[in-house]
Amino acid sequence: MKVGIVGTGMVGSAAGYALALRGGASEIVLVDHNKKLAIAQAEDIAHAVPFAHACVVRAGGYEELEGAGVVILAAGVAQKPGESRLSLLSRNAEVFSEVIAQVRRDAPDAILLIASNPVDIMTEVALRASGLPRERVIGSGTILDTARFRSLLGTHLGIAPQSVHAYVLGEHGDSEVLAWSAARAGSEPIARFAVQVGAPITGEIRAQIDASVRRAAYRIIEGKGATWYGIGAGLARIVQAIRDDQRTVLSVSIVTPEVEGVADVALSLPRIVGRAGILTTLMPELTESEAAALRASAELLKETGAGLQ
Ligand code: ADP
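Position one of the sequence shown corresponds to residue 1 (our numbering), numbered consecutively onward.
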């Protein structure tokens, strides 16, 4: 499958690199208004191909996106240290309206995979600008937060993160909700499993894991200015679920008709991802306080999105 990447800064190029290493695409086309950058990134990623999987990697204009199955949108302006994701909004929304018109013209059948932050709002912006059905405009959402949640739980319990089923819901950002009550290890509720393996999840452990998931991006930004490897790999994972029609359950963001009484808001829930985009959305069973936190997250996103119209 041909995959386009618009915006070849740190996130776009990391996605291209991860795709090349995973064998997630037969062809990768990099587009950026900084053509020199796109050409350099394409050449650099192409040099990894002999050590990975067969794949053509090149830079090009929008017209070269023709026939792409997925186009990753990673264009925009970078998050500054200490800057909230939501404050990036207006600058990135402008870039998107320009980019999406061109992608829709040259790759009308492509699923749009949104990476630019604030990703939930940008997913809404992209849906509106593209006129595509909602299941074909997918934001990376909390895919990374969920991976981190599972990984930290796995470490605490001494098991592989693949055996942990737990999701981060809502906004990819400060208001996100770790769905503790729905978390499972194997087929067991997480708390029961934890007691059985002698590693109970105390209030302190819970608070540590919660903070570690929620503050991860801030910590990385403090040290290196931005984040790119994790999200690059997450984007490549979503592309593969689409390309191979894997029907994998991933926590990603699309505009959702109704969440906790809030209508038409983009946020993350566990969703089945396959060739047609999002096939089904799953609503985890939540406690009252988790449901209230999800409602608050949805309301916050709704307000921000409305401010943009
Ligand atoms: P990030 O860390 O999110 O990847 P960067 O600033 O490194 O952020 O990358 C964003 C990329 O998006 C830059 O390479 C920039 O040139 C590109 N970009 C910005 N505006 C546009 C646009 N209108 N069309 C195409 N690419 C764009």
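Idealized CB from N, CA, C, for every residue including glycine.
Only a predicted model underlies this, so the values are computations on that prediction, with no experimental measurement involved.
Problem - Any non-hydrogen atom of the ligand ADP within 7 Å of Ala311 CB - result: No statement about residue 311 is possible, as the shown extent of the chain runs from 1 to 309 and does not include it.
Note to self: Does the distance between the C-beta of Glu98 and the nearest non-hydrogen atom of the ligand ADP fall short of 7 Å?
What the structure shows: Yes.
So, helix, strand or coil for Val103, using DSSP?
In the structure shown, Val103 sits in a helix (DSSP, three-state: H, G or I).
| said: Report the start-end ranges of each beta strand (DSSP E) in the region 132 to 218 that is 3 residues or longer and not cut off at the edges. | reply: The beta strand (DSSP E) runs lying completely inside the region 132 to 218 and spanning 3 residues or more are 137 to 139, given in chain order.
Residue burial classification, Asp44 (beta-carbon count within 10 angstroms, cutoff 16)
Label assigned to Asp44: exposed.
- Message: Considering only their Cβ atoms, is the gap separating Lys302 from Val252 smaller than 8 Å?
- Response: No; because the gap between Cβ atoms is not below 8 Å, this pair is not in contact.
So Ala115 and Leu65 are in contact, right, with Cβ under 8 Å, and what is the actual spacing, rounded? About 16 Å separates the beta carbons of Ala115 and Leu65, which is beyond the 8 Å limit, so they are not a contact pair.
Whether or not the region 241 to 255 and the region 278 to 287 are in contact is what I'm after, with contact meaning three or more pairs of Cβ atoms, one per stretch, closer than 8 Å; do they touch? The region 278 to 287 makes contact with the region 241 to 255, as at least three CB pairs between them are under 8 Å.
Practice prompt. Return yes when the C-beta of Asp109 is under 7 Å from any heavy atom of the ligand ADP, and no when it is not.
Written response: The answer is no for Asp109.
Among Ala166, Gly198 and Ala78, which residue has its Cα nearest to the Cα of Ile209?
Considering only alpha carbons, the answer is Ala166.
Query raised in the report: Val95 by DSSP, collapsed to three states: which one?
Result: For Val95, the three-state secondary structure derived from DSSP is helix.
Excluding the 5 residues preceding and the 5 following Phe193 in the sequence, name in chain order all residues of the same chain whose CB lies nearer than 6 Å to its CB.
In its chain, beyond the 5 residues on either side, Ala185 have a beta carbon closer than 6 Å to the beta carbon of Phe193.
Simplified DSSP assignment, three categories, for Gly67: Reduced to three states, the DSSP call for Gly67 is coil.
Report task. Count the C-beta pairs between the region 122 to 139 and the region 88 to 104 that are closer than 8 Å, then say yes if the count reaches three, no if not. Result -> Result yes; three or more Cβ-Cβ pairs closer than 8 Å.
Query - Reduced DSSP category for Pro50 - H, G, I as helix; E, B as strand; rest coil - result: In the structure shown, Pro50 sits in a helix (DSSP, three-state: H, G or I).
- prompt: From this set, Val71, Leu269, Val11 and Ser289, which residue's C-alpha is nearest Ala101's C-alpha?
  reply: Answer by Cα proximity: Val71.
Open item on the list: Nearest by alpha-carbon distance to Thr227: which of Ala236, Leu235 and Ala217 is it?
Closed with: Per the Cα distances, Ala217.
Problem - Coil, strand or helix - Glu222 by DSSP - result: Assigned with DSSP and collapsed to three states, Glu222 falls in helix.
Review point. From this set, Ala25, Tyr62, Leu294 and Ser268, which residue's C-alpha is nearest Lys35's C-alpha?
Key: That would be Tyr62, whose Cα lies nearest to the Cα of Lys35.
Looking at the secondary structure, which residues open and close the beta strand (DSSP E) in which Glu27 lies? Following the DSSP letters along the chain, one finds Glu27 inside the beta strand (DSSP E) bounded by residues Glu27 to Val31.
Q) Just curious, the alpha helix (DSSP H) that Gly234 is in, first and last residue? A) Its alpha helix (DSSP H) spans residues Tyr229 to Arg243.
- [ ] State buried or exposed for Phe51, treating a residue as buried only when at least 16 other CB atoms are found within 10 Å of its CB.
- [x] Around the beta carbon of Phe51, a 10 Å sphere encloses fewer than 16 other beta carbons of the protein chains shown; the residue is thus reported as exposed.
Nearest to Leu267 by alpha carbon, out of Ala293, Arg275 and Gly274?
Comparing alpha-carbon positions, the option among Ala293, Arg275 and Gly274 lying closest to Leu267 turns out to be Ala293.
task: Rounded to whole angstroms, what's the CA-CA distance from Ala59 to Ala183? Just pull it up for me.
output: Going by the C-alpha atoms only, they are around 42 Å apart.
| field | DSSP three-state assignment for Leu301, whether helix, strand or coil | value | It is helical.
Note to self: Suppose contacts are defined by Cβ-Cβ distances below 8 Å. Is Gly141 in contact with Val119 by that definition?
What the structure shows: If you check the CB distance, Gly141 and Val119 come in under 8 Å.
- When the Cα atoms are used, what is the spatial distance from Arg22 to Ala147? Straight-line Cα distance between these residues: approximately 17 Å.
Among residues of its own chain, excluding the 5 on either side of Gly230, which ones have a beta-carbon nearer than 7 Å to its beta-carbon?
Correct list, in chain order: Leu144.
Extent of the continuous alpha helix (DSSP H) to which Gly20 belongs = Sequence check: residue 20 is Ala here, not Gly. Ala20 -> alpha helix (DSSP H) spans Met10 to Arg22.
My assumption, with CB atoms under 8 Å, is that Gly24 sits in contact with Val239. Please give the rounded CB distance. That belief holds up - the Cβ atoms of Gly24 and Val239 are roughly 5 Å apart, short of 8 Å.
* Write down the C-beta distance between Ile242 and Ile111 rounded to the nearest angstrom, noting that I regard them as a contact closer than 8 Å. => That belief holds up - the Cβ atoms of Ile242 and Ile111 are roughly 6 Å apart, short of 8 Å.
Exercise. Is Asp44 helix, strand or coil by DSSP?
Worked result: Correct three-state label for Asp44: helix.
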